[in-house]
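To start, the structure under review is shown below, and the notes come after it.
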DNA sequence: CGAGTACTGTAATATACATTACGTTTTTTG
DNA sequence: CAAAAAACGTAATGTATATTACAGTACTCG
């Protein structure tokens, strides 16, 4: 009899031997591929096992059920993606800092993995949809926005920028440099990669012209 | 033997009697509800018929198959939504015009129907995914951006605004006033409705400060 | 009115998959 | 080493649902 009743599919049944960890890692990686390609409902567990090697029973013992595996993939992937965004220089020069941050961000969110992740997270439609989506949002977009928000706030305190609401402004900056190619990319429609560069330049310019205290 | 082979599921088999049109309309409306709630793959045709009345056979005769019905729903819904966006005053005063346009746009894209439509369009994963998504994008977001783009271009020609690339700028304005609540709304996470108002105000301000020629 | 067509209802067909069960083999560990 | 636990492989179970078939009823239009 499985552990189906509990809403928290376990991953911590017994001890974790080296081989066990390896198995877990292999399944997780295969699942990442399949889920990101197919989405939650379309993904087939048998496919995942085919890719990962091993057996279905093992998958169930480790992750409980399909949703448990999916949640693990969401967490894993979202964190992996977030870690790509290492901005080293939060300097006092808003221009170069924003430009640098923007460039890294554009690189991140235009990557196939990030686009798939976003699409798949939106598409979930299981009973636990709300929980899954919260995990994604808070581990991903919200954390990124938080980084920028804190920078903007510090710049405002120093009197270098003048913004009513730094949380909103951070969101606006981020969305501004994603527009208009991100929407198309999410929908799988092609776009000229150069447009990303131009949107970044223009976005930084617009934002700073609007937000700088010194006119 | 059905008409499965052709990639264009017919809707124009025979003549359209009054009763036939009524049937078509009822099925379409029910399908709209079910597809927008469940997404393409999750939606169940039997459910649709239960809501619409009538019989499964009729559905298949009219729309060919599930995908044909879905495409019809996409077109119908996207057009319905677009028509809500009637901006009457494209005046020379960029401030009030953008504010007016923004207000209407925010109303539109924060509506449950528009959010569902967006989510469902992203989530499609059938073989014809590309075609479906193109229909949505071109009938919906692209058309809306086009409206604004043309306005911005005319303002630039008159020397009232100064923008490098009005297509990008239009996208940026639109995304700016949607940030940051739209992402949360798409994910089904709650947000303070007041934030929509504030994002609008701040977005217009930022955009105009950055784009106006007269400083 | 009556033939042809549209519509209805229900049942049959076929497939795809999540989830379990179970017997065997390998690995871990006391 | 030997018992316990983990991993394996395969088959069984059960469900959901797209799609088709068919037989009967209601419309429509010449």
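Residue numbers (our numbering), protein chains in the order written: chain A, 43 to 257; chain B, 43 to 257.
For glycine and all other residues, C-beta sits at the position ideal for the given N, C-alpha and C.
What residue range is occupied by the uninterrupted alpha helix (DSSP H) comprising residue i?
i: residue 72 of chain A; result: 60 to 80
i: residue 31 of chain B; result: This structure gives no information on residue 31 of chain B, because the portion of chain B shown stretches from 43 to 257.
i: residue 93 of chain B; result: 87 to 94
i: residue 161 of chain A; result: 154 to 165
i: residue 133 of chain B; result: Where residue 133 of chain B is concerned, there is no enclosing alpha helix (DSSP H), given that its DSSP letter is neither H nor E.
i: residue 99 of chain A; result: 98 to 105
So, are the CB atoms of residue i and residue j less than 8 angstroms apart?
i: residue 229 of chain A; j: residue 164 of chain B; result: yes
i: residue 208 of chain B; j: residue 191 of chain B; result: yes
i: residue 127 of chain A; j: residue 246 of chain A; result: no
i: residue 187 of chain B; j: residue 219 of chain B; result: no
i: residue 134 of chain A; j: residue 202 of chain A; result: yes
i: residue 238 of chain A; j: residue 148 of chain A; result: yes
i: residue 204 of chain A; j: residue 109 of chain A; result: no
i: residue 123 of chain B; j: residue 182 of chain B; result: yes
i: residue 116 of chain A; j: residue 76 of chain A; result: no
i: residue 249 of chain A; j: residue 248 of chain B; result: yes
i: residue 125 of chain A; j: residue 74 of chain A; result: no
i: residue 65 of chain B; j: residue 100 of chain B; result: yes
i: residue 184 of chain A; j: residue 211 of chain A; result: no
i: residue 226 of chain A; j: residue 179 of chain B; result: yes
i: residue 206 of chain A; j: residue 251 of chain B; result: no
Under three-state DSSP, which class holds residue i?
i: residue 43 of chain A; result: Residue confidence is low: residue 43 of chain A scores 31 on pLDDT, short of 50, so the model does not pin down where it sits. No coordinate-derived value is stated.
i: residue 121 of chain B; result: helix
i: residue 176 of chain B; result: helix
i: residue 169 of chain B; result: coil
i: residue 128 of chain B; result: coil
i: residue 191 of chain A; result: helix
i: residue 149 of chain A; result: helix
i: residue 113 of chain A; result: helix
i: residue 84 of chain B; result: coil
i: residue 182 of chain A; result: coil
i: residue 144 of chain B; result: helix
i: residue 49 of chain A; result: Any reading at residue 49 of chain A needs caution, since the residue's pLDDT is 33, under 50, leaving its predicted position unreliable; the model's value is listed next. Residue 49 of chain A: coil per DSSP, three-state reduction.
i: residue 55 of chain B; result: In this prediction, residue 55 of chain B scores a pLDDT of 43, lower than 50, which makes its location untrustworthy; the coordinate-derived value is nonetheless stated afterwards. Of the three classes helix, strand and coil, the one that applies to residue 55 of chain B here is coil, per DSSP.
| query | Is it true that the region 65 to 77 of chain B meets the region 238 to 246 of chain A, where meeting means three or more beta-carbon pairs spaced less than 8 angstroms apart? | reply | no
Whole alpha helix (DSSP H) elements within the region 194 to 255 of chain B, 4-residue minimum: 208 to 220, 223 to 228, 236 to 253
Check: Any chance the region 153 to 169 of chain B sits against the region 72 to 81 of chain B, with 3 or more Cβ pairs inside 8 angstroms?
Finding: yes
May I ask you to verify whether the region 82 to 98 of chain B touches the region 148 to 160 of chain B, counting CB pairs closer than 8 angstroms and requiring at least 3?
no
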